[in-house]
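Residue numbers (the UniProt record's numbering): 1 to 289.
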């Protein structure tokens, strides 16, 4: 980070030493102290931005919002200035929809008009969510530039199909599916929980296409299903790189994770098995653990 001109140059220098060791609390405190002493001098917009960014890293949304407003006020609108994006994230975390909408416009995005919460369909993406044992990449649909709804079934039952997550603005990896490349965004927080718990059933499928039919039945009904065997365990380097992915549906007896109310799950599994009883069966539907 460049050190701007400041009457408290030592403060700024100490702030970026703390930054380099990822001591975000100390970096944010020192940057704010320095920039408030000379809020509008040349280069101050960088200090405001970095101070807000440090508090974003801390997930201190009120402070990131407060300092982010100062950074955005000193930034040019319509020029894809990241000050607007970071403030938009903080405003979204605080559910200040008017400020969030203004930030996306200030950045230069053209979103559907309206007021209040943004619930657009901005297409599929991937989100790296936090789990009990680490992290997991799931498929999602973007609702706004900073939020996405999970549309695959997480393998960790502590996370759920249908959750809405707040995610970062900079992609951290890519997934290639069907010839299309999708960014992977890191989760910042669970924005809205889902009532749909994950269930597990033992299914038997004669072919991979039979198992695919089960997953498609849940998807067509607005729910989710994932074969447990399709999980990929990746190192951090691979997860944050570019990776080709494809559906993996195998034959035989296996565990199928489903996201649907239990009664609906039973009906869907019964209908799937009844369509070809010689090739399909299921048993033992229970909460996933």
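Glycine included, each C-beta is placed from N, C-alpha and C at the ideal position.
> Rounded C-beta distance between residue 71 and residue 90? I'm assuming under 8 Å.
Replying inline: Residue 71 to residue 90, Cβ: 11 Å. No contact.
>> Can you tell me whether residue 125 is buried or exposed? The criterion is at least 16 other CB atoms within 10 Å of its CB, across all chains shown.
In response: With 16 or more other Cβ atoms inside 10 Å of its own Cβ, residue 125 counts as buried.
>> For the region 231-249 against the region 190-203, do three or more pairs of beta-carbon atoms, one drawn from each stretch, fall closer than 8 Å, so that the two count as touching?
In response: No: the two stretches stay apart, fewer than three of their Cβ pairs being nearer than 8 Å.
>> Using C-beta distances below 6 Å, list every residue in its chain close to residue 85, excluding the 5 sequence neighbours before and after it, in chain order.
In response: Cβ within range, chain order: 107, 169.
>> Once the 5 residues before and after residue 231 are set aside, which same chain residues still bring their CB inside 6 Å of it?
In response: The residues 155, in chain order, have a CB closer than 6 Å to that of residue 231 in the same chain once the five nearest residues on each side in sequence are set aside.
> Using the C-alpha atoms, what's the distance from residue 255 back to residue 261?
Replying inline: Within the model, the alpha-carbon separation for residue 261 versus residue 255 is close to 18 Å.
> Cβ atoms of residue 164 and residue 149: under 8 Å apart, would you say?
Replying inline: In contact: residue 149 and residue 164 (Cβ atoms closer than 8 Å).
> Does DSSP put residue 245 in a helix, in a strand, or in coil?
Replying inline: Three-state DSSP puts residue 245 in coil, outside helix and strand.
>> Just to confirm before moving on: does the CB-CB distance between residue 103 and residue 120 stay below 8 Å?
In response: With respect to the 8 Å criterion, residue 103 and residue 120 are not classified as neighbours on the basis of their beta carbons.
> Secondary structure at residue 275, three-state DSSP: helix, strand or coil?
Replying inline: Assignment of residue 275 by DSSP, reduced to helix, strand and coil, places it in the coil class.
> Of the residues 79, 147, 288, which one's Cα is nearest the Cα of residue 92?
Replying inline: Here the closest residue by C-alpha is 147.
> Given residue 211, which residues of its chain have a CB within under 8 Å of its CB, disregarding the five upstream and five downstream residues?
Replying inline: Same-chain partners within the cutoff: 203, 205, 227, 249, 250, 251, 254, 256.
> Which of helix, strand or coil does DSSP assign to residue 151?
Replying inline: Three-state result, residue 151: coil.
> How is residue 20 classed by DSSP in three states: helix, strand or coil?
Replying inline: Residue state, collapsed to three classes: helix.
> In whole angstroms, what is the alpha-carbon distance linking residue 15 and residue 22?
Replying inline: Between the alpha carbons of residue 15 and residue 22 lies a gap of roughly 10 Å.
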